[in-house]
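Student:
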Amino acid sequence: MNIYKALTIAGSDSGGGAGIQADLKTFQELGVYGMSALTAVTAQNTLGVQGVYPLEPAAVAQQLDSVGEDLTPDAVKTGMLFSSDIIRTVADKIRQYGWNNLVIDPVMVAKGGSSLLLREAVQSLIDHLLPLALVTTPNIPEAEILADMSIANLQDCEEAAKRIRQMGSQSVVIKGGHGSENGIVTDVLYDGREFVYMESPRIDTRHTHGTGCTYSAALTAELAKGHSAAEAVRTAKAFIRAAIEDGLGIGSGHGPTNHFAYGRRLRAEGSERQ
Ligand SMILES: Nc1ncnc2c1ncn2[C@@H]1O[C@H](COP(=O)(O)OP(=O)(O)OP(=O)(O)O)[C@@H](O)[C@H]1O
Ligand SMILES: Cc1ncc(CO)c(N)n1
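Each residue of the sequence shown is one higher than the one before, counting from 283 in our numbering.
This is the structure in C-alpha cells:
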C-alpha cells in the first residue's frame, strides 16, 4: 500500500480548530499521513488568543531535519511562522530538502485580531518563501498586504493574484471568506494563464475558526496524493464547505469547523449506493 505523507510547518492552537491541529486532522480525514514541525505554541480557544510563544529557529530547523532526513513528505504546507528568523530557517530547509510541492498559507492575523506574524516579517515571507511556493493561499486581508493594494471586488482579486504570482508563487488562490457578493463566497485561482472562480453560498455562522488552515491543509493533502493544483483546490473547497456547514457548535466564541464532515458525507453516499 502506498502511503502519502504531508508535513505542516505551523503553530499549535490549543483549542484544536486551527494551526497544526486543524492540519493534522484534515490530512488524516483525507487519507494522508500527517507530520508536523511546530513554529510556535499559542494558548488559544474560541474566544481568542491568550498567549503566543515562538520557538527558537534552531528548534524549528531540527524538527525539519528529523523529518527531512527520514520521512520524505509528498507535500508540505506552512502556516503561522511568526518571525523573519523562523521564515528564513524554514525557507533554507525547504530548499535543502527540495520540497517543491509546497503550499504557503501566509497566516498573519487570527480572527480575533491577534498577530501571528510580526509586521517586519512580511517582507521576509515575500523575499524568501513565496518564490518557493507551488500555491500561495492568502485570504483577502493578507492578499491586500502582500500585493500592497485594497481589494473591493473580484477584479481587484485578479490584480492582487497577478501581483502575488509575480513574487514567484506558481499559482495563487485568494480565499473569499472575508468578502461576499450577493451571498456568494468566491475563491479565485490564478496559475498565470487563466482565472478559475470557485463559488459557494455564504454560510451564515460565527463558527469559522481555522477555515483558512483547514482549507490549505486539504489542498496540501490532495497535492500529496499527486493531484494537480486545479483538482486539489476543488476538493479543498468541498472539504471546507462541508466542515463549515456541519459546524460543531462548541465553545462560546468563534468555534471550529467540523473536520469529520467531508469524510462522513462521502461514507454516507457510499453506503447509500450499495
Ligand atoms: N461563511 C462562509 N461560507 C462559505 N465559505 C466560507 C465562509 N468563510 C470561509 N469560507 C471558505 O473557507 C475557505 C477559507 O477562507 P477564509 O477567507 O475564511 O480563510 P482565512 O481567513 O485564512 O481563515 P482563518 O484565518 O480563520 O484560518 C475558503 O475556501 C472560503 O471560501
Ligand atoms: C496557530 C494558529 N495558526 C493559524 C491561525 C489562523 O486561523 C490561528 N488562529 N492559530
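We put the CB at the ideal spot given by N, CA and C, even for glycine.
(1) Quick check on DSSP: helix, strand or coil for F364?
(2) Regarding V389 and ligand 2, is the C-beta to nearest heavy atom distance less than 6 Å?
(3) Shortest alpha-carbon distance to I369 belongs to which of G395, V404, L353?
(4) How do the region 432-439 and the region 384-395 stand: do at least 3 beta-carbon pairs fall below 8 Å, yes or no?
(5) Helix, strand or coil: how does DSSP classify I386 here?
(6) Whose C-alpha, out of T539, A518, E554, T502, is nearest the C-alpha of K359?
(7) Is it buried or exposed for A512, if we count other Cβ within 10 angstroms and need 16 for buried?
(8) Which residue spans inside the region 408-492 form an unbroken alpha helix (DSSP H) run of at least 4?
(9) Would you kindly check if the distance between the Cβ of P423 and the Cβ of G560 is under 7 Å?
(10) Could you give the distance in angstroms between the alpha-carbon of R445 and the alpha-carbon of E426?
(11) Determine, using beta carbons only, whether A514 and E527 come nearer to each other than 7 Å.
(12) For the region 374-385 against the region 341-354, are there 3 or more C-beta pairs whose distance is under 8 Å?
(13) S462: buried (16+ other C-beta within 10 angstroms of its C-beta) or exposed?
(14) Quick check: I285 and A319, are their CB atoms within less than 7 Å of each other?
(15) Is the closest heavy atom of ligand 2 to the C-beta of D347 under 6 Å?
(16) Which residues share a DSSP beta bridge with K287?
(17) What does a CB cutoff of less than 7 Å around A524 pick up in its chain, not counting 5 residues either side in sequence?
(18) Which residue's Cα is closest to the Cα of P355: E481, R484, L289?
(19) Assign D469 to buried or exposed, taking buried as 16 or more other Cβ atoms, counted over all protein chains shown, within 10 Å of its Cβ.
(20) Which residues share a DSSP beta bridge with Q326?
Tutor: A quick look at the data gives this:
(1) Here F364 sits in strand by DSSP.
(2) Yes, the beta carbon of V389 sits closer than 6 Å to at least one heavy atom of ligand 2.
(3) It is V404.
(4) They do not touch, by the three-pair rule.
(5) Judged by DSSP in its simplified three-state form, I386 adopts strand.
(6) The shortest C-alpha to C-alpha distance from K359 to any of T539, A518, E554, T502 is the one to T502.
(7) That one is exposed.
(8) Segments of the alpha helix (DSSP H) lying fully in the region 408-492: 422-429, 436-448.
(9) It is not possible to answer for residue 560, since the shown part of the chain is limited to 283 through 556.
(10) Rounded to whole angstroms, R445 to E426 spans 10 Å at the Cα level.
(11) Cβ atoms of A514 and E527: not closer than 7 Å.
(12) Yes: at least three Cβ pairs fall under 8 Å.
(13) So S462 ends up on the exposed side.
(14) In this structure, I285 keeps its C-beta atom at 7 Å or more from the C-beta atom of A319.
(15) The answer is no for D347.
(16) Note: K287 is bridge-paired with Y315 in the DSSP secondary-structure output.
(17) Once the five neighbours on either side are set aside, the close Cβ partners of A524 are A543, Y544, R547.
(18) Nearest C-alpha to P355: L289.
(19) By the neighbour-count rule (16 or more Cβ atoms within 10 Å), D469 is buried.
(20) Assignment of beta-bridge partners to Q326 by DSSP yields V331.
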